[in-house]
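Q:
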Amino acid sequence: MDQQLQVFVTVAELKNFSRAAEKLHMTQPAVSQYIRSLEITMGSKLLERSNKFVRLNQAGEMVYYHAKEILGLYTKMHDLMDDLINQASGSISIGASYTFGEYVLPHVIKRVHQHYPLIQPTITIGNTFKIANLVLSHQIDVGIVEGAFHDKHLVIEPFAEDLMYIVAAPNHGLARKSISELEKETWIVREQGSGTREVTEKMFQSIGIAPKEKLEFGSTQIIKESIAAGLGISLLSYWAIREESARGSLSVMDVNLLPIKREFSIVLRSPFQTKALNVFLSLLREFRSKSPQEFE
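Residue 295 in the numbering used here is what sits at position 42 of the sequence shown, and the numbering runs on without skipping anything.
1) Go ahead and pull the three-state DSSP assignment for MET417.
2) Give the single residue among ASP507, THR439, LEU291 whose Cα lies nearest to the Cα of GLY483.
3) Taking only runs of the beta strand (DSSP E) that begin and end inside the region 348-419, which ones reach a length of at least 3 residues, in chain order?
4) Measuring CB to CB, does LEU468 end up less than 7 Å from ILE441?
5) Excluding the five sequence neighbours on either side, which residues of its own chain have a C-beta within less than 7 Å of the C-beta of VAL452, listed in chain order?
6) Over the uninterrupted beta strand (DSSP E) stretch that includes LYS268, give me the two end residues.
7) Going by CA-CA distance only, name the one from GLN311, ALA312, GLN256 that's closest to SER285.
8) Give the C-beta separation of PRO374 and VAL365 to the nearest angstrom, bearing in mind that I take them to be a contact with Cβ-Cβ under 8 Å.
9) Helix, strand or coil for VAL260, going by three-state DSSP, please let me know.
10) Quick check on VAL508: does DSSP put it in helix, strand or coil?
11) Does the pairing of the region 261-273 with the region 292-312 give three or more beta-carbon distances under 8 Å?
12) Counting only runs that start and end within the region 456-492, where is the alpha helix (DSSP H) found for 4 or more residues in a row?
13) If you compare alpha carbons, which of PHE402, GLY446, LYS329 is closest to PHE412?
14) Taking the straight line between their C-alpha atoms, what separation do you get for GLY296 and VAL260?
15) Answer yes or no: do ILE409 and VAL520 have a C-beta to C-beta separation smaller than 7 Å?
16) Closest by CA to ARG605, which one among PRO282, GLU454, LYS329, LEU291?
17) Return the CA-CA distance between GLU466 and LYS383, expressed in angstroms with no decimal places.
18) For the beta strand (DSSP E) containing ILE441, name the first residue and the last one.
19) According to DSSP, what are the bridge partners of VAL307?
20) Would you mind reading off the limits of the beta strand (DSSP E) that contains LEU427?
21) Taking Cβ to Cβ, would you say ALA481 is nearer than 7 Å to TYR356?
22) Is DSSP giving PHE517 helix, strand or coil here?
23) What are the partner residues of SER285, as DSSP defines its beta bridges?
24) By the three-class DSSP mapping on this structure, what secondary structure does SER433 have?
25) Given this structure, state the Cα-to-Cα distance separating SER303 from GLN281, to the nearest angstrom.
26) Where ILE419 and SER504 are concerned, what is the direct C-alpha to C-alpha distance, given to the nearest angstrom?
27) Per DSSP, what kind of secondary structure is GLU547 in: helix, strand or coil?
In structure tokens form, the structure reads like this:
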């Protein structure tokens with residue numbers, strides 16, 4: 254069954270039988286046979302096929318979702334058994350929200366690679382909501398999320414503090430503005446489900462403003478570029494703006510309100526961890542509030 258599911262997932266993701274066969278080092282007829290066998294087992298057609306496309310139907314979407322979870326658990330089981338007799342090695346799937354994933358995680362991965370070269374990490378970046386759901390469905394081994402996140406089905410461990418600042422273009426005159434004047438500004442915010450968006454909305458409530466002009470972008474990098482271009486202002490993590498602030502391409506507002514503090518948290522589902530995952534978690538906890546230079 255695990256081979257059928259692996260073939261099915263590969264076809265579903267590549268949307269092509271011949272490319273799936275190439276990736277799996279199989280013949281195309283063999284791939285087709287695995288799909289037919291799975292459809293017989295499931296009692297339903299799972300893929301819509303034509304000369305131009307291969308795509309999941311409604312039944313296929315359901316099987317694909319659970320197949321990813323089953324294959325993730327199957328891989329984890331093999332890794333745990335392998336750990337009983339071998340050193341830390343193998344794959345770990347890591348998910349991280351944008352701020353940590355894009356600006357901090359690469360430094361942690363570098364250290365993993367330096368000291369444990371047999372560990373093979375794969376990285377998924379998304380907002381806090383997406384990463385938590387991937388952990389819940391066993392599609393990734395560990396998540397790192399931002400802000401106050403709660404879920405009774407997950408083990409959540411705050412492990413590092415993050416500081417957030419209001420930033421603008423250098424010629425914006427932000428430093429001369431009062432808190433009340435911030436309501437008139439154009440705010441560039443992250444999408445719903447983002448930890449940064451959650452902190453931004455809480456800040457609006459705490460200082461009693463309700464900005465009418467908001468632009469919603471799904472990437473911190475795009476937000477920074479937009480700020481530098483003079484499109485608006487935003488609340489961003491120290492980690493996201495430290496280089497731009499140091500060279501003067503972004504300006505930080507200096508008021509008693511700031512910085513706003515939040516936490517980065519480790520998110521886990523399973524109580525069983527491979528040696529590779531334990532190694533990663535140990536290095537992650539060492540990070541705490543160090544700078545990348547101190548960490549390396």
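Positions of the beta carbon are idealized from the N, C-alpha and C atoms, including for glycine.
A: Inspection of the coordinates gives the following:
1) Reading the sequence shown from its first residue, position 164 is the one you call residue 417. Strand, per DSSP.
2) What you label residue 483 is simply residue 230 of the sequence shown in a count that begins at 1. The residue with the shortest Cα to Cα distance from GLY483 is THR439.
3) 372-378, 395-399
4) For the purposes of this step, residue 468 is taken as residue 215 along the sequence shown, with counting starting at 1. For the purposes of this step, residue 441 is taken as residue 188 along the sequence shown, with counting starting at 1. The answer is yes: Cβ separation under 7 Å.
5) Translated into positions along the sequence shown, residue 452 becomes position 199. Contacts found: GLY400, MET417, LEU488, ILE513, ARG515.
6) To locate residue 268, count along the sequence shown from 1; it is residue 15. Taken as a continuous stretch (DSSP letters only), LYS268 belongs to no beta strand (DSSP E), as it is neither H nor E.
7) Position 32 of the sequence shown, counting from 1, holds the residue named residue 285. If we check each option's Cα against that of SER285, GLN256 comes out closest.
8) Numbered from 1 along the sequence shown, position 121 holds the residue referred to as residue 374. Numbered from 1 along the sequence shown, position 112 holds the residue referred to as residue 365. Sure, about 6 Å apart at Cβ, within 8 Å.
9) As a position in the sequence shown, residue 260 is number 7, starting the count at 1. Three-state result, VAL260: helix.
10) As a first step, residue 508 is located in the sequence shown; it is residue number 255 there, counting from the start. Three-state result, VAL508: coil.
11) yes
12) 473-481
13) Within the sequence shown, residue 412 is the residue found at index 159, counting from 1. Measuring from the Cα of PHE412, the nearest candidate turns out to be PHE402.
14) By 1-based counting over the sequence shown, the position of residue 296 is 43. By 1-based counting over the sequence shown, the position of residue 260 is 7. Roughly 17 Å between the two C-alpha positions.
15) Residue mapping note: residue 409 aligns to position 156 of the sequence shown, counting from 1. Residue mapping note: residue 520 aligns to position 267 of the sequence shown, counting from 1. Yes, Cβ-Cβ distance for ILE409 and VAL520 is below 7 Å.
16) Residue coverage of the chain in this structure runs from 254 to 549, which leaves residue 605 outside it and unanswerable.
17) Here the question's residue 466 lines up with position 213 in the sequence shown. Here the question's residue 383 lines up with position 130 in the sequence shown. Going from the Cα of GLU466 to the Cα of LYS383 covers about 26 Å.
18) In the sequence shown, residue 441 corresponds to position 188, counting from 1. First-last of the beta strand (DSSP E) with ILE441: 440-442.
19) The count along the sequence shown starts at 1 and reaches residue 307 at position 54. ARG302, per the DSSP bridge assignment.
20) Here residue 427 refers to the residue found at position 174 when the sequence shown is read from its first residue. It is not in any beta strand (DSSP E) - LEU427 carries neither H nor E in the DSSP assignment.
21) For the purposes of this step, residue 481 is taken as residue 228 along the sequence shown, with counting starting at 1. For the purposes of this step, residue 356 is taken as residue 103 along the sequence shown, with counting starting at 1. In this structure, TYR356 does not lie closer than 7 Å to ALA481 by Cβ.
22) In the sequence shown, the residue the question calls residue 517 occupies position 264. Here PHE517 sits in strand by DSSP.
23) Here residue 285 is taken as the residue at index 32 of the sequence shown, counted from 1. Partner(s): none; SER285 has no beta bridge.
24) On the sequence shown, residue 433 is found 180 positions in, with the first residue counted as 1. Three-state result, SER433: helix.
25) Along the sequence shown, read from residue 1 onward, the residue named residue 303 stands at position 50. Along the sequence shown, read from residue 1 onward, the residue named residue 281 stands at position 28. Rounded to whole angstroms, SER303 to GLN281 spans 15 Å at the Cα level.
26) Indexing the sequence shown from 1 puts residue 419 at position 166. Indexing the sequence shown from 1 puts residue 504 at position 251. Each residue's Cα considered, the two are about 8 Å apart.
27) Stepping through the sequence shown from its first residue, residue 547 is reached at position 294. In this prediction, GLU547 scores a pLDDT of 48, lower than 50, which makes its location untrustworthy; no coordinate-derived value is stated.
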